[in-house]
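S.K.: Residue numbers (the numbering used here), protein chains in the order written: chain A, 1 to 341; chain B, 1001 to 1341.
There are 2 protein chains.
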Amino acid sequence: MSDKPRRDGGADIKMSDIARHAGVSPMTVSRALREPSTVSEKMRRKVDAAVREFGYLPNRIAGSLSSKRSNVVGLIVPSIRNSLYANMVQAISDVLRTNGFHLMIANSGHHLEDEEALVSALLAQRVCGLVLHNTTHSKQVRDLVAKTGVPVIETGNLPAEPLDMAVSYSNFEAARAMTAHLGRLGYRKIGFVTLPLRDNDRSEERRRGYFAALKELGLPADPSLVLEAPGGFAEGADALVRLIQTHPGLDACFFAGDVLAVGALFECQRRGWAVPGRVAIASFDDLDLLRHAVPTVTTLRIPRDEIGRRSAELLVNRLLGAPSERVRIDVGFEIVQREST
Amino acid sequence: MSDKPRRDGGADIKMSDIARHAGVSPMTVSRALREPSTVSEKMRRKVDAAVREFGYLPNRIAGSLSSKRSNVVGLIVPSIRNSLYANMVQAISDVLRTNGFHLMIANSGHHLEDEEALVSALLAQRVCGLVLHNTTHSKQVRDLVAKTGVPVIETGNLPAEPLDMAVSYSNFEAARAMTAHLGRLGYRKIGFVTLPLRDNDRSEERRRGYFAALKELGLPADPSLVLEAPGGFAEGADALVRLIQTHPGLDACFFAGDVLAVGALFECQRRGWAVPGRVAIASFDDLDLLRHAVPTVTTLRIPRDEIGRRSAELLVNRLLGAPSERVRIDVGFEIVQREST
DNA sequence: CGTTCTCTTGGTATCGCTACCATCCTATAA
DNA sequence: TTATAGGATGGTAGCGATACCAAGAGAACG
């Protein structure tokens, strides 16, 4: 309609208009909409009628400015594409919505500097809370969070010292448990394929867990059994092939990224390598896919939905007045033993 | 810090504070931050110094209220979980971010009433633009959009009469093309498994495309060859088994949902049915997975990234002043012939 | 019957920023 | 030198809601 970039909002009806037409004061309209119980039945009906008649939409921007309260939560994930995050995001979104909050989402692409810029931007939007998937942050991010005092949830890992609240599982323990599990099943030459380690504390923790388990199993820690690969089917396939070429005795391989594992599995089918006969395959994160693949794939079940749900719940409680206390929730994980090992 | 729900924003520094400390007027601060070129070098340096010293974060809420302009785009998808949308969301997010916009995301769970509530809520937040994956809307949604005049992009399908702008491919043409492709390859008894049809124009269009192609191929339109299944691996497997039981002569099956197709493929592996020897499998949407499965799966490549990117670009252009004109972009699709057919 | 208390309602002053216009200063032309 | 344009700065008045306090109306009480 307007050809100026400036939004004139079409028929912009405001609260005072509704008040006038309903024959009440703007304050009564405000109250009738936000706390109907504090307004008499009669007033409420008059207001509701006027609101419906004009199709009035309260301006939350003005409301937020005035009340110094916002109903938007900011979320920063490394990648929106990744389906693991998608599960968590959905859960967060659901909980927020049933409590009248909204979600602003941004992705940092695994870069700390980008996280910094995004945290600033979201705080400039005056989000009332933040969810960060990352758990290592630049000093500026830590300062900003401290200074503004917004509630923050960290979810990607269990940090020793959370900024505020944390809801996650331990990447270290999970990787250690799976490696130990493979050892218990009798595998002795266990390869490990990790996602990129740079700017990613989760990957690093998983690798540490792998080595810790090897040590406990009394197996040698051979760095050449560890390969770093960007996530992807082809990369997983490639990593497995390279490991087997350099280590013909490899009897199991643990992929610290689900897509990698599936890529490797397909490669085995292509080459006619029996799984787990020739080589066992274990994965990280319980994609649906892994339960339906042939053979089904042993993996770690991480309750991603629960992480999202509980994160959002903690945030909502805090925003609704719960005392501000450090919380650190370990949602745990579970080893799902299937045909591939 | 505060135990009242009301955010007091910690050390809440405002523009006038910066102005005072920099020895300039608030307007100069405002300009130095938003249009540095209109401010002298000297002033800009003074302002920048004060901004850095206090770690000042402009309050975009106040800015939006004052300028009646917001930099937040609203997005409604049926499901955040679904990785197809995730690709699109990522592309939208990227384009918006490089142009200084933010993304507020919500999911309608395939329900029209929910879309209605969400559109209202997002408009109350005064988003400056909307992206809707759905293309069938309730009257109230259409009215709201018309009244407020916000730019809107529809992306799930190519509507005959877009609300405003549309960027998509034709579900009808895509399904028709794939069905025709199967016919051309010599398949004669082609099953069709569709996602739920309720409140989902995309599914309906795909089914129409399937029947249109059968007609062109001179094949009988047998409704019992069509099955409706909620998306999922197990459901796809189940659908294929049922079709083959009722139609032993089935020689190909077209799944209008990628996960369904993969589920069916796995089922074939489990039962030892050769693909495409016993039955050919075709899918919709080019998940990475399909390119790496064994056998690789014939599918329709839909440029989801491009849809997201171009949607966001159109929106940004409009917001930056491009004239308000109806646009309807068909990004097309592509048949990817692979081993499974 | 007056007093106190509770429940509704309304008026007013912001919230923190930007649009708009007035002002001032410098540079260039006449 | 004066006139004039043009760029840089500042003052003021909102944007559309809500917080806070004051006031009015009944109800309950002694």
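Each residue gets a CB set at the ideal place from its N, CA and C atoms; glycine is no exception.
So with CB distances below 8 Å, who are the chain B contacts of F233/A?
M.R.: Here residue 233/A corresponds to residue number 233 of the first sequence, with the count starting at 1. Chain-ordered, the chain B residues with CB closer than 8 Å to the CB of F233/A read D1288, L1289, R1291 and H1292.
S.K.: Counting only the same chain and skipping the five closest in sequence on each side, list residues whose C-beta sits under 7 Å from that of V1024/B.
M.R.: In the second sequence, the residue the question calls residue 1024/B occupies position 24. The residues are M1043, K1046 and V1047.
S.K.: From S1203/B to V1279/B, what distance separates their C-alpha atoms?
M.R.: Here the question's residue 1203/B lines up with position 203 in the second sequence. Here the question's residue 1279/B lines up with position 279 in the second sequence. Approximately 23 Å, taken between the alpha carbons.
S.K.: With a threshold of 8 Å between beta-carbons, can L1030/B be considered close to chain A, or not?
M.R.: By one-based count along the second sequence, residue 1030/B stands at place 30. With the sequence shown as reference, residue 1030/B is identified as Ser, and Leu is not the correct amino acid for it. So, not an interface residue.
S.K.: In the DSSP assignment, the alpha helix (DSSP H) including H110/A goes from what residue to what residue?
M.R.: Taking the first sequence and counting its residues from 1, the one referred to as residue 110/A is at position 110. Unbroken run through H110/A: none, as it is neither H nor E.
S.K.: Where does R1184/B fall in DSSP's three states?
M.R.: Translated into the one-based positions of the second sequence, residue 1184/B becomes position 184. Correct three-state label for R1184/B: helix.
S.K.: Kindly say whether R34/A, judged by its beta-carbon, lies nearer than 8 Å to any beta-carbon of chain B.
M.R.: Mapped onto the first sequence, residue 34/A falls at position 34. So no, R34/A is outside the interface.
S.K.: Identify which residue in L1122/B, N1087/B and E1113/B has its Cα closest to the Cα of M104/A.
M.R.: Looking up residue 104/A in the first sequence gives position 104. Answer by Cα proximity: L1122/B.
S.K.: Less than 8 Å between the CB atoms is what I'm expecting for A1221/B and L1214/B, so what's the real figure, rounded?
M.R.: As a position in the second sequence, residue 1221/B is number 221, starting the count at 1. As a position in the second sequence, residue 1214/B is number 214, starting the count at 1. With 8 Å as the limit, A1221/B and L1214/B qualify as a contact, their Cβ atoms being about 5 Å apart.
S.K.: Would you call the stretch 1231-1251 of chain B and the stretch 279-299 of chain A touching, i.e. three or more CB-CB distances under 8 Å?
M.R.: yes
S.K.: Short of 6 Å in beta carbon distance, which residues of its chain neighbour V1141/B, apart from the five on each side in sequence? Order them along the chain.
M.R.: One-based indexing of the second sequence puts residue 1141/B at position 141. Excluding residues within five positions, the ones whose Cβ falls inside 6 Å are E1116 and V1119.
S.K.: Give the secondary structure of V241/A by DSSP, where H, G and I count as helix, E and B as strand, and everything else as coil.
M.R.: Taking the first sequence and counting its residues from 1, the one referred to as residue 241/A is at position 241. Here V241/A sits in helix by DSSP.
S.K.: Which residues in the same chain as A22/A place their Cβ atom closer than 6 Å to its Cβ, once the five residues preceding and following it in sequence are excluded?
M.R.: What you label residue 22/A is simply residue 22 of the first sequence in a count that begins at 1. Around A22/A: K46, V47 and A50.
S.K.: Once DSSP output is grouped into helix, strand and coil, what is the label at E1228/B?
M.R.: In the second sequence, counting from the first residue as 1, residue 1228/B sits at position 228. E1228/B carries a strand assignment under DSSP once its states are collapsed to helix, strand and coil.
S.K.: Below 7 Å on C-beta distance, what does L1130/B contact in chain A?
M.R.: Counted from its first residue, the second sequence places residue 1130/B at position 130. The premise fails here: L1130/B is roughly 12 Å from chain A at the closest Cβ pair, so nothing lies under 7 Å.
S.K.: At the level of alpha carbons, what is the spacing between H1133/B and D1201/B?
M.R.: The residue labelled residue 1133/B in the question sits at position 133 within the second sequence. The residue labelled residue 1201/B in the question sits at position 201 within the second sequence. Taking the straight line from one Cα to the other gives about 11 Å.
S.K.: Can you tell me whether R126/A is buried or exposed? The criterion is at least 16 other CB atoms within 10 Å of its CB, across all chains shown.
M.R.: Here residue 126/A refers to the residue found at position 126 when the first sequence is read from its first residue. Buried.
S.K.: Quick one: which unbroken alpha helix (DSSP H) runs of 4-plus residues sit fully inside the stretch 91-171 of chain A? Chain order, please.
M.R.: Within the stretch 91-171 of chain A, the complete alpha helix (DSSP H) runs of at least 4 residues are 112-124 and 139-148.
S.K.: Tell me L75/A's beta-bridge partners as DSSP assigns them.
M.R.: Within the first sequence, numbered from 1, the residue matching residue 75/A stands at position 75. Partner(s): I105/A and V131/A.
S.K.: Against chain A, does S1369/B count as a neighbour if the rule is that its beta carbon must be under 8 Å from one of theirs?
M.R.: There is simply no residue 1369/B to check, as chain B begins at 1001 and stops at 1341 in what is shown.
S.K.: Under 7 Å Cβ-Cβ, which residues of chain A neighbour N1087/B?
M.R.: Indexing the second sequence from 1 puts residue 1087/B at position 87. Taking a Cβ-Cβ cut-off of 7 Å, the neighbours of N1087/B in chain A comprise R81, given in sequence order.
S.K.: In chain order, what residues of the stretch 292-318 of chain A put their CB closer than 7 Å to some CB of chain B?
M.R.: H292, A293 and V294
S.K.: For the stretch 96-114 of chain A, which residues have a beta carbon sitting closer than 8 Å to at least one beta carbon of chain B?
M.R.: Within the stretch 96-114 of chain A, the qualifying residues are R97, H102, L103, M104, I105, A106 and N107.
S.K.: Smallest Cα separation from L1075/B: which of D1238/B, S1030/B and A1091/B?
M.R.: Here residue 1075/B refers to the residue found at position 75 when the second sequence is read from its first residue. Check the Cα spacing between L1075/B and each of D1238/B, S1030/B and A1091/B: the tightest is with A1091/B.
S.K.: Buried or exposed for R326/A, please, with buried defined as at least 16 other CB atoms from any protein chain shown within 10 angstroms of its CB.
M.R.: Taking the first sequence and counting its residues from 1, one reaches residue 326/A at position 326. So R326/A ends up on the exposed side.
S.K.: Got a sec: does the ligand SAH put a non-hydrogen atom nearer than 7 Å to the Cβ of S1203/B?
M.R.: Questions concerning the ligand SAH fall outside what the structure shown contains, since it holds no ligand whatsoever.
S.K.: Answer with yes or no whether the minimum CB distance from N1134/B to chain A is below 8 Å.
M.R.: One-based indexing of the second sequence puts residue 1134/B at position 134. With 8 Å as the cut-off, N1134/B does not count as an interface residue toward chain A.
S.K.: DSSP on A252/A, reduced to helix/strand/coil?
M.R.: Position 252 of the first sequence, counting from 1, holds the residue named residue 252/A. Here A252/A sits in strand by DSSP.
S.K.: Would G236/A be called buried (16 or more neighbouring beta carbons within 10 Å of its own) or exposed?
M.R.: The residue you call residue 236/A lines up with position 236 of the first sequence. Answer is buried; the Cβ neighbour count reaches 16.
S.K.: Which residues, taken in chain order from the stretch 150-182 of chain A, show a beta carbon closer than 9 Å to some beta carbon of chain B?
M.R.: V150
S.K.: Rounded to whole angstroms, what's the CA-CA distance from A1086/B to R81/A? Just pull it up for me.
M.R.: On the second sequence, residue 1086/B is found 86 positions in, with the first residue counted as 1. On the first sequence, residue 81/A is found 81 positions in, with the first residue counted as 1. About 5 Å.
S.K.: Would M1165/B be called buried (16 or more neighbouring beta carbons within 10 Å of its own) or exposed?
M.R.: For the purposes of this step, residue 1165/B is taken as the residue at position 165 of the second sequence. When all chains shown are included, M1165/B counts as buried.
S.K.: G1263/B touches chain A at which residues, Cβ-Cβ below 8 Å?
M.R.: Position 263 of the second sequence, counted from the start, is the residue given in the question as residue 1263/B. From the beta-carbon of G1263/B, the residues of chain A found nearer than 8 Å are H292.
S.K.: May I ask you to list, following chain order, the residues of the stretch 1043-1076 of chain B that have a beta carbon less than 8 Å from some beta carbon of chain A?
M.R.: G1055, L1057, P1058, N1059, R1060, I1061, A1062, S1064, L1065, S1067, K1068, R1069, S1070 and V1072
S.K.: For G1156/B, tell me which candidate among S1340/B, G1332/B and L1182/B has the shortest Cα-Cα distance.
M.R.: Here the question's residue 1156/B lines up with position 156 in the second sequence. Looking only at S1340/B, G1332/B and L1182/B, the smallest Cα-Cα distance to G1156/B is reached by G1332/B.
S.K.: In chain A, what lies closer than 7 Å to F1266/B by C-beta?
M.R.: Here residue 1266/B corresponds to residue number 266 of the second sequence, with the count starting at 1. Listed along chain A are H292, A293 and V294, each with a C-beta nearer than 7 Å to that of F1266/B.
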